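Written out below as structure tokens is the structure these notes cover.
Chains as they are written, first to last, in our numbering: chain A, 16 to 338; chain B, 16 to 338.
Spelled out as structure tokens, the structure:
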């Protein structure tokens, strides 16, 4: 979301946002801010809504019994988008939000749910977003989630996302998620239950540095004949940072599952990968792969012969890896 | 160990063994029974030694403080063998044995440690062999371990091996282990600590059927620069059987680790694979792979076109897989 977009938003909807929120929106969201009648949004700033709009097909309402939103994507939705960025701009905030997404049969939607935390002191700040997705038959969701922390380098910023999804026959959920720096501790929990011939595709990109710690857990249960999951997690652990990857894929039907965890360690980074598979049906086909190591010397060498310094070469390789 | 071998043994050493022990030895051990001055052995039958011989380089002694053996493979050992089969021929036996192997610097030895249990009633019988290997610098051990149960099909036979190994710089431990049927419950624990540029190679082959359950755990810690582990476990789960595979490879140095778990499920077999990797050093390179599924239809079809029935084709593929 560029500064033009934010000007659009503030002019059109009269949004009052802190500069820090605007800066974070620049990072976590790619919306151009223009109203085309096909974009719903809710901007969350320090535990409250700074602005909201529904569309004909996408209805956003506050929950009555808990902080958060009910987002209803109605039948006939095609190619529309929902932006629900959440920003925390100061320390001392502990934000907890429950967002439920109800995706009607056959609907097709893109959901963008970035979260940014900016703090300038060592006091803790946390965002804990619990997102549940209910995908009806043959619906399609592209879910983009970008997490970032900015500000004081020794701050205690935590982002602990919980994602739970239920997929009906023929549904497709594609998740592209990333956390690319500035978050001191993160606990990422993703759960999905697939019925019928539904499909889940997850692409996760993670980068930790200094003394950051990150745990990412995936639990996927394949109950439907023809269901499938393809889970790829790529991560880089720099500095003294520590990452744990756990996945558990259970095949209870004629299904296919693939998980892949690739990690690059530099400096004194440490990574644990533990991807479990359980085949409880003769027709379940499950595969996983994991590789942890540093950047191959020959890759660095090749880029150095092109004129890059060693650190430039490393940065280029890591950028490519996390792209 | 064929019947000729057993005749040799009984004639030469005056061994008194039950027929059931002789039958089990046929399965778990490939020794021809001939004395060439280069083969040490101890045959364990229902918790006691039925016969023993040391050689010039390989000394077998009873432990004083626990059931079991101290086996010392002395400097200068080259191309010699130790056979230490253990047989249980009746229900109601709960055998616990501690065997320690001290392998001198530069020694080269093959150790064969099969275990067979034959029972004809439903009463439990168990063998729990705790084997510890201390490999001095540049020593080489080829360790062959075959486990089997025979007799009454609804018996409660358990074989719970514990293997622990410490490898010094330049040492190589090759383990070929198998459990190919007739064991109702098995808990297999293998641990190894590698110092210096030592290497561990493990090839495991498992088959379970009916309501058998099997858990195999591997913990490998790579402490030495240049150390490596290559762990391949292949298994088949038939009937209603259940298998769990866990491995944990920790790289604390400039090391390389590879683990692979391939499982075939037929009937209603169930398999869980959980291979963990932890890289705690920038120069650790760790990889794992796992695949669980049934036999590919095209493989069956190919063999059927050659005239095999479906079950013959399946048997041929499984035999090849576990070979």
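For every residue, glycine included, the Cβ atom is placed at its ideal position computed from N, Cα and C. Quantities reported herein were computed from a predicted structural model and do not represent experimental measurements.
Measure the CB-CB distance between residue 267 (chain B) and residue 234 (chain B) and report whether it falls below 8 Å. no
May I have the straight-line CA-CA distance separating residue 203 (chain A) from residue 328 (chain B), to the nearest angstrom? 45 Å
Complete beta strand (DSSP E) runs within the stretch 94–145 of chain B (minimum length 3 residues, chain order): 95–98, 101–103, 109–118, 123–127, 130–134
For residue 240 (chain A), go through chain B and note every residue whose CB falls closer than 8 Å to its CB, in chain order. Chain B residues near residue 240 (chain A): none, gap ~14 Å exceeds 8 Å.
If we call anything under 8 Å between Cβ atoms a contact, is residue 73 (chain B) one with residue 92 (chain B)? Remark: C-beta atoms of residue 73 (chain B) and residue 92 (chain B) approach each other more closely than 8 Å.
Given a limit of 8 Å on CB to CB distance, which residues of the stretch 270–282 of chain B reach chain A? 278, 280, 281, 282
Using the C-alpha atoms, what's the distance from residue 197 (chain B) back to residue 337 (chain B)? 16 Å
Contact list for residue 51 (chain A) against chain B, beta-carbon separation under 7 Å: Within 7 Å Cβ-Cβ: nothing; residue 51 (chain A) doesn't reach chain B, min ~46 Å.
CB contact check: residue 288 (chain A) to chain B, cutoff 8 Å: yes
Please report how far the alpha carbon of residue 112 (chain B) lies from the alpha carbon of residue 79 (chain B), in whole angstroms. 12 Å
Can you tell me the Cα-Cα spacing of residue 309 (chain B) and residue 277 (chain A), whole angstroms? 26 Å
Should residue 56 (chain B) and residue 86 (chain B) be called a contact, given that it needs their Cβ atoms to be closer than 8 Å? No, the pair does not count as a contact, with Cβ atoms beyond the cut-off.
Is the separation between the beta-carbon of residue 288 (chain A) and that of residue 291 (chain B) shorter than 8 Å? Judged by beta-carbon spacing, residue 291 (chain B) lies within the 8 Å limit of residue 288 (chain A), meaning their Cβ atoms are closer than that value.
If we define contact as Cβ-Cβ less than 8 Å, is residue 226 (chain A) a contact residue for chain B? no
Taking 8 Å as the CB-CB cut-off, is residue 146 (chain B) touching chain A? no
Would residue 160 (chain B) be called buried (16 or more neighbouring beta carbons within 10 Å of its own) or exposed? buried
Whole beta strand (DSSP E) elements within the stretch 229–288 of chain A, 3-residue minimum: 243–252, 257–266, 271–280
Out of curiosity, what's the CA-to-CA distance linking residue 299 (chain B) and residue 271 (chain B)? 6 Å
Top-ranked residue by Cα proximity to residue 216 (chain B), from B:110, B:210, B:227, B:243: B:243
Interface flag, residue 206 (chain A) vs chain B, CB-CB below 8 Å: no
Leaving aside the five residues before and after residue 65 (chain A) along the sequence, list all residues of the same chain whose C-beta is less than 6 Å from its C-beta, in chain order. Around residue 65 (chain A): 30, 32, 58.
Paired residues, beta bridge with residue 32 (chain A) - DSSP: Answer by DSSP bridge pairing: none, since residue 32 (chain A) is not bridged.
Have a look at the DSSP bridge pairing and note the partners of residue 366 (chain B). The structure shown does not extend to residue 366 (chain B), since chain B is modelled only from 16 to 338, so the question has no answer here.
The beta strand (DSSP E) with residue 204 (chain B) in it runs from where to where? 200–209
If the criterion is Cβ atoms closer than 8 Å, does the pair residue 152 (chain B) and residue 124 (chain B) meet it? Taking 8 Å as the Cβ cut-off, residue 152 (chain B) and residue 124 (chain B) do not qualify as a contacting pair.
Using CA atoms only, rank isn't needed, just tell me which of A:70, A:61, A:90, A:186 is closest to residue 133 (chain A). Of the listed residues, the one whose Cα sits closest to residue 133 (chain A) is A:61.
Measure the alpha-carbon distance for residue 220 (chain B) versus residue 155 (chain A) and round it to whole angstroms. 43 Å
Could you tell me which residues DSSP puts in a beta bridge with residue 60 (chain B)? B:63, B:102
Among B:173, B:194, B:149, B:247, whose alpha-carbon lies nearest the alpha-carbon of residue 179 (chain B)? B:149
Those residues which DSSP pairs with residue 314 (chain A) across a bridge: Answer by DSSP bridge pairing: none, since residue 314 (chain A) is not bridged.
Against chain B, with Cβ distances strictly below 8 Å, would residue 209 (chain A) count as a contact? no
Distance between residue 103 (chain A) and residue 110 (chain A) (C-alpha atoms, nearest Å): 8 Å
Thinking C-beta only, is residue 252 (chain A) closer than 8 Å to residue 280 (chain A)? yes
CA nearest to the CA of residue 106 (chain A), picked from A:144, A:100, A:157, A:166: A:166
Give the residues of chain B in contact with residue 297 (chain A), contact being defined as C-beta atoms less than 8 Å apart. 280, 281, 282, 283, 284, 309
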